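Quick notes on the structure that follows.
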Amino acid sequence: MNAGARLSGAGARAVLALEPLIRRAWPELGRALSARRAAAAELAAWGRRREPGPLVWLHGASAGELLGAAPAVRILRAREVGRPGRRATLLVTHSSPSGRPALEWLDPDRAGYPPLDHRRDCDSVLAAVRPGLLVFAKLDVWPGLAAAAARAGTPTALINGTVRPGSRRSGAVALRLFRESYVRLATVGAASPEDARRLAALGVRSDRIEVTGDAAFDLALERADRARADGSAAAYRSALGAPGARTPRLVAGSTWAADEAALLDAVATVRREGGPGWQLVIAPHEPTAARVRELLASCAARGVPAIRWSRLGESATAPAGAVIAFDEVGRLAELYAAGDAAYVGGGLGGTGLHNVLEPAAAGLPVLFGPHHDRTDALALVRAGGGLSCSAGALAATLAGLADPAARARHGRAARAFVEADTGAATRTADLLSPLWPAG
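Here my numbering is used: position 298 in the sequence shown is 1061, and no number is missing along the way.
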């Protein structure tokens, strides 16, 4: 077993030993850990019950990684229709509960958490499930799972492969520990030439890397266009009301507490200085009941009226100037299509900037904080569709976007940026096709 897999296994055992403490201190994390602990037995039991035949296992950390993989997977499954033999079973696993909204785009035969990353669990699942191909999406190459696949003779692939500048995977110790996991990858689709070079430095063999691009661009465009074509964007606009020409709508997605505080303060400043009112719709990252209550409390502390999205259209209506706390899961791309401008969270509080492509594909100017390492966000700024600003500069940025012509100019640039980088889905499907198992 490689050093990285040994370290990952030791980490998994340590976490299990601390599970009672974790469950008391962080209940949500404890529930996720319990689900991971149970996943090995559940997946193995399912693997033994399933009908014999080819199987592909796709793993991603959360919704973003899995959604980026969805277009290529759908192309490959469509190609199976005209071929002899059985269609491959699709198993999808995700490390975070936030991965669940991606499942409707993948239509898997089985989905859930992966086993914990230690040898016993990974080997038992691989033996029972018998995948013909294991595909990691974007970032997550789990060393224990990769090592188990190698022992089982299962080829592994990485698609939409990304290594951000300064990634901890690039440190000297990490390079020694995890190199073998990357050396064993049978094929890799890199998101960019820079990612290809960084993946080669991690250990991927140069003859196994191809720059395919990131299919997240394809999916973002598809979701934005579908939201307009199927009427869901219009339905959101209708439910949110018509705020008026002097009250454009700012849709803030995947926010954390630092983002929400900055937004509430900035909108209040713009209004106080005679600028537009900005109807503010905030969709917290993982909108649990606790997080939504935290957002509503933050609004109340500032004297700002607020209402949950789930209450609109039932017995309640939004008060004038109210913040809408969006508590629906998996519909953020459609919500963006109902906005006039977008804010993407994670760039202020050090939690990691979230998906900027969905609002860009909707043709909106995209605002976000400066603390991130996302190359697509940096490129979006250079293209004129993204606006990176600190919390202190957010009010001035919103005041500048009061002009509809300015919003339209940035929005066109954002949409053109996404359109220019589509096509990765087909290239990724072609890359995986020789390894895709057939019955």
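Glycine residues also receive a C-beta, built at the ideal position from the N, C-alpha and C atoms. The structure presented is a predicted model; accordingly, all values stated were derived computationally and were not measured.
- DSSP on T919, reduced to helix/strand/coil? Reading the sequence shown from its first residue, position 156 is the one you call residue 919. Correct three-state label for T919: strand.
- Message: Going by DSSP in three states, F1089 sits in which element: helix, strand or coil?
- Response: On the sequence shown, position 326 is the one that residue 1089 refers to. In this structure, F1089 counts as coil in the three-state DSSP scheme.
- Message: Tell me the residue span of the alpha helix (DSSP H) that contains P783.
- Response: Counting from one through the sequence shown, the residue named residue 783 turns up at place 20. It spans 782 to 788 - the alpha helix (DSSP H) in which P783 sits, taken as one unbroken run.
- Cβ contact check for the stretch 837 to 857 and the stretch 776 to 787: 3 or more pairs under 8 Å: no
- Item | Secondary structure of H1173, DSSP reduced to three states | Working through the sequence shown from its first residue, we reach residue 1173 at position 410. Helix at H1173.
- Query: Between D977 and A954, is the Cβ-Cβ spacing less than 8 Å?
  - Reply: One-based indexing of the sequence shown puts residue 977 at position 214. One-based indexing of the sequence shown puts residue 954 at position 191. In terms of Cβ geometry, D977 and A954 form a close pair [threshold 8 Å].
- Cα-Cα separation, W789 to V844: Your numbering for residue 789 matches position 26 in the sequence shown. Your numbering for residue 844 matches position 81 in the sequence shown. The alpha-carbon atoms of W789 and V844 are separated by roughly 46 Å.
- Item | Selected residue, minimal CA-CA separation from G827, among T925, S933, V946 | Sequence index remark: in the sequence shown, residue 827 carries index 64 (1-based). Closest by alpha carbon: T925.
- So, is P1011 buried or exposed, given that buried needs 16 or more other C-beta atoms within 10 angstroms? To locate residue 1011, count along the sequence shown from 1; it is residue 248. Buried, since its Cβ has 16 or more Cβ neighbours within 10 Å.
- Query: For the candidate residues R850, P1047, D870, whose alpha-carbon lies nearest to that of A1021?
  - Reply: Counting from 1 along the sequence shown, the entry for residue 1021 is found at position 258. Ranking the options by Cα distance to A1021, first place goes to P1047.
- Task: Label V1014 either buried or exposed according to how many other C-beta atoms from any shown protein chain fall within 10 Å of its C-beta, with 16 as the threshold for buried.
- Result: Within the sequence shown, residue 1014 is the residue found at index 251, counting from 1. Buried: at least 16 other Cβ atoms inside 10 Å.
- Item | Buried versus exposed, by CB contacts within 10 Å (16 or more), E1121 | Counted from its first residue, the sequence shown places residue 1121 at position 358. By the 10 Å Cβ count, E1121 comes out buried.
- Query: In its own chain, which residues sit with a C-beta less than 7 Å from the C-beta of A996, not counting the 5 before and 5 after it?
  - Reply: Sequence index remark: in the sequence shown, residue 996 carries index 233 (1-based). So the list reads A990, E1097, A1100, A1101, once near-sequence residues are dropped.
- Message: What would DSSP say about T1185, mapped onto helix, strand or coil?
- Response: Sequence index remark: in the sequence shown, residue 1185 carries index 422 (1-based). T1185 falls in the coil class under three-state DSSP.
- Would DSSP call S1151 helix, strand or coil? Against the sequence shown, residue 1151 aligns to sequence position 388. If DSSP states are grouped into helix, strand and coil, S1151 belongs with the strands.
- Query: What three-state label does DSSP hand Y1106 in the structure shown?
  - Reply: As a working mapping, residue 1106 is identified with position 343 in the sequence shown. Strand, per DSSP.
- Query: In this structure, what does DSSP give as the bridge partners for P1047?
  - Reply: Taking the first residue of the sequence shown as position 1, residue 1047 is located at position 284. Beta-bridge pairing links P1047 to T1018.
- Item | Own chain residues within Cβ distance below 7 Å of A1025, not counting five before or after | Against the sequence shown, residue 1025 aligns to sequence position 262. So the list reads L1111, A1154, L1157, once near-sequence residues are dropped.
- Tell me, to the nearest whole angstrom, how far the beta carbon of P834 is from that of A1188; I am working on the premise that it is less than 8 Å. Here residue 834 is taken as the residue at index 71 of the sequence shown, counted from 1. Here residue 1188 is taken as the residue at index 425 of the sequence shown, counted from 1. Right, the Cβ-Cβ distance comes to about 3 Å (below 8 Å), so this counts as a contact.
- Message: Can you give me the C-alpha to C-alpha distance between R1175 and A1104, rounded to a whole angstrom?
- Response: Translated into the one-based positions of the sequence shown, residue 1175 becomes position 412. Translated into the one-based positions of the sequence shown, residue 1104 becomes position 341. The alpha-carbon atoms of R1175 and A1104 are separated by roughly 12 Å.
- Query: Given that a residue counts as buried once 16 or more other Cβ atoms are within 10 Å of its Cβ, and exposed if not, what is L784?
  - Reply: For the purposes of this step, residue 784 is taken as the residue at position 21 of the sequence shown. Burial check for L784: the Cβ neighbour count within 10 Å stays below 16, so the residue is exposed.
- Item | Inside the stretch 920 to 955 only - alpha helix (DSSP H) runs reaching at least 4 residues | 935 to 946
- Item | Contact belief for V936 with P1200 at Cβ below 8 Å, rounded distance in angstroms | For the purposes of this step, residue 936 is taken as residue 173 along the sequence shown, with counting starting at 1. For the purposes of this step, residue 1200 is taken as residue 437 along the sequence shown, with counting starting at 1. Their Cβ separation, rounded to whole angstroms, is 36 Å, which puts V936 and P1200 out of contact at 8 Å.
- Which first and last residues belong to the alpha helix (DSSP H) in which L984 is found? Here residue 984 corresponds to residue number 221 of the sequence shown, with the count starting at 1. Run containing L984: 979 to 992, per the alpha helix (DSSP H) assignment.
- Tell me whether the beta-carbon of A987 lies closer than 8 Å to the beta-carbon of A1124. In the sequence shown, counting from the first residue as 1, residue 987 sits at position 224. In the sequence shown, counting from the first residue as 1, residue 1124 sits at position 361. Contact flag set, yes.
- Query: What residues in its chain sit with their C-beta under 7 Å from that of W1072, if we drop five residues either side in the sequence?
  - Reply: Taking the first residue of the sequence shown as 1, we reach residue 1072 at position 309. Around W1072: I1087, A1088, F1089, D1090, E1091.
- Quick one: what's got a C-beta closer than 6 Å to F899's C-beta in the same chain, skipping five residues either side? Start at 1 with the first residue of the sequence shown, and residue 899 comes out as number 136. Excluding sequence neighbours, F899 sits near H822, L921.
- State the start and end residues of the unbroken alpha helix (DSSP H) segment that holds P1198. Here residue 1198 corresponds to residue number 435 of the sequence shown, with the count starting at 1. Sequence inspection shows Leu at residue 1198; the Pro mentioned does not correspond to that position. No alpha helix (DSSP H) contains L1198, which DSSP labels as neither H nor E.
- Item | H896 versus A803: straight-line alpha-carbon distance, rounded | Counting from one through the sequence shown, the residue named residue 896 turns up at place 133. Counting from one through the sequence shown, the residue named residue 803 turns up at place 40. It should be pointed out that residue 896 corresponds to Leu in this sequence rather than to His. Going by the C-alpha atoms only, they are around 18 Å apart.
- Query: Would a C-beta distance cut-off of 8 Å place L1194 and T917 closer than the cut-off?
  - Reply: As a first step, residue 1194 must be located in the sequence shown, where it is residue number 431. As a first step, residue 917 must be located in the sequence shown, where it is residue number 154. Cβ atoms of L1194 and T917: not closer than 8 Å.
- Message: Please give the ranges of any alpha helix (DSSP H) in the stretch 814 to 882, keeping only runs that are unbroken, at least 4 residues long and fully inside the region.
- Response: 826 to 843, 866 to 869
- Grab the span of the beta strand (DSSP E) containing V1129 for me, first residue to last. Residue numbering aside, residue 1129 sits at position 366 when the sequence shown is read from its first letter. Start and end: 1129 to 1131.
- Query: What do you reckon, are the CB atoms on L1150 and F1180 nearer than 8 Å?
  - Reply: For the purposes of this step, residue 1150 is identified with residue 387 of the sequence shown, where counting begins at 1. For the purposes of this step, residue 1180 is identified with residue 417 of the sequence shown, where counting begins at 1. Against a cut-off of 8 Å, the Cβ pair of F1180 and L1150 comes out as no contact.
- Item | DSSP beta-bridge partners of F899 | Numbered from its first residue, the sequence shown carries residue 899 at position 136. In DSSP, F899 forms a bridge with H822, L921.
- Message: Give me the DSSP bridge partner(s) of E1057.
- Response: For this step, residue 1057 is matched to residue 294 along the sequence shown. The partner list for E1057 (beta bridge, DSSP) is empty, contrary to what the question assumes.
- Item | Proximity winner among A1064, L1058, D981, relative to T1191 (alpha-carbon distances) | The residue you call residue 1191 lines up with position 428 of the sequence shown. Just measuring C-alpha positions, the residue of A1064, L1058, D981 sitting nearest T1191 is D981.
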